[in-house]
Structure formats: C-alpha cells, structure tokens
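Q: Residue numbers (UniProt numbering): 1 to 169. Positions of the beta carbon are idealized from the N, C-alpha and C atoms, including for glycine.
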Amino acid sequence: MVYRFRVILDAEEDVFRDIEILQENTLEDLHNTILQSFGFDGTEMASFYLSDEKWEQGEEFSQFDMGGEVRLMNETSLESILDEDNRNIIYVYDFLKMWTFLIELAQVGEIEDGRDYPNLMFVHGQIPDEAPDKDFVGEDDGDAGSGDIFDQGFNTNDYDDLSFDENWN
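1. Ignoring anything shorter than 4 residues or poking outside the UniProt domain "Plasmid pRiA4b Orf3-like" (2-130), list the alpha helix (DSSP H) runs there in chain order.
2. Measure the C-alpha to C-alpha separation of Ile34 and Gly67 and round it to an integer number of angstroms.
3. Return the residue from the list Val92, Asp29, Gly39 that minimises the CA-CA distance to Glu59.
4. Measuring CA to CA, which of Arg87, Gly125, Tyr49 is closest to Gly39?
5. Leaving aside the five residues before and after Val70 along the sequence, list all residues of the same chain whose C-beta is less than 6 Å from its C-beta, in chain order.
6. Relative to the C-alpha of Phe122, which residue among Glu75, Glu12, Val7 is closest?
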C-alpha cells in the first residue's frame, strides 16, 4: 500500500507538499523525502511526534539515539504508527530554528506499476528564507499567575537584588 501525505509548513503563507511513500518505509525515509521536497540540506537534527486531530504533540521519534526511552526514526515503519484512526504526525527540523510541519495521512492507496516511491506529487508555495516565528504558550495552572516569569515580580534589569552567589563556579 501507498501512504499519501500532505506535509504543511506551520506558517502564515500556504506552503505544502503532497508526498506518496510506501507504508513499510520508515520515518527516516519520510524525513529524507521531506528534506528533499522542501530543499533542506539535512545537516540539522529532526524529530517526529505522534499527534491527535488537535495537533497536540505526543510520543517522540528521534533521528539519533540520545539515551532514554525515545524510539528511533530508522526503526519505526510508517504502518506501525499510522492508520485510518491515527493520521497526524508533527515533524520538527532544526531545533534552533524550529521548522515545524504538520503531516496528515490523506489517503491510503494501491501501488501503481511503473511509479517510483517516494513520489513528490504536488508542490505549493515556496519555503521562506527564515523559519516562521513560534508562540510557545503553556497551560496556566492557576498557582503562578500567568506562568510567565516576567510577571512574577522579578526585575531582570537589577541583578543585585537576586539571591545567588556571584562566585558560584
């Protein structure tokens, strides 16, 4: 079977690619296809994350073994994590710039004779020169006001009032 994905850059302008890839391919194969489709050089780290229909980030699939319990891209087939009920994943490339892509499994189809996979089916929009800005918003637990450290009475312009040893190292 063939998985047909829409890979959307999380940005104001519409930038997306429609990609076909075999269901038995790995997340690493999808990673490489996305890099080629959007014109990245592949020199930065990346991860995939399972997601629900609200695009909430779930389990991580890392490019490299960094220790811990994270599953690896090259060991995870697409068919092992995606199906008709679980269709969304998030892809983050370059953890400093945070290029973020929302990926939806749009269709599962039959393999077409004579077609090479992965296959870039459709291109829309040009990737901007710089990664789109992200607004990271945490949940308010009600105990710390807004949760923003700058709203908690600290004056970051006057370090003399902070209680720490200036010779700590």
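A: Based on what the coordinates show:
1. 27-38, 78-81
2. Start at 1 with the first residue of the sequence shown, and residue 34 comes out as number 34. Start at 1 with the first residue of the sequence shown, and residue 67 comes out as number 67. So the two alpha carbons sit approximately 25 Å from each other.
3. Start at 1 with the first residue of the sequence shown, and residue 59 comes out as number 59. With distances taken between Cα atoms, Glu59 lies closest to Val92.
4. Locating residue 39 in the sequence shown gives position 39, counting from the first residue. The shortest C-alpha separation from Gly39 is found at Gly125.
5. In the sequence shown, the residue the question calls residue 70 occupies position 70. Answer for Val70: Glu60, Ser62, listed in chain order.
6. For the purposes of this step, residue 122 is taken as the residue at position 122 of the sequence shown. Ranking Glu75, Glu12, Val7 by Cα distance to Phe122 puts Val7 first.
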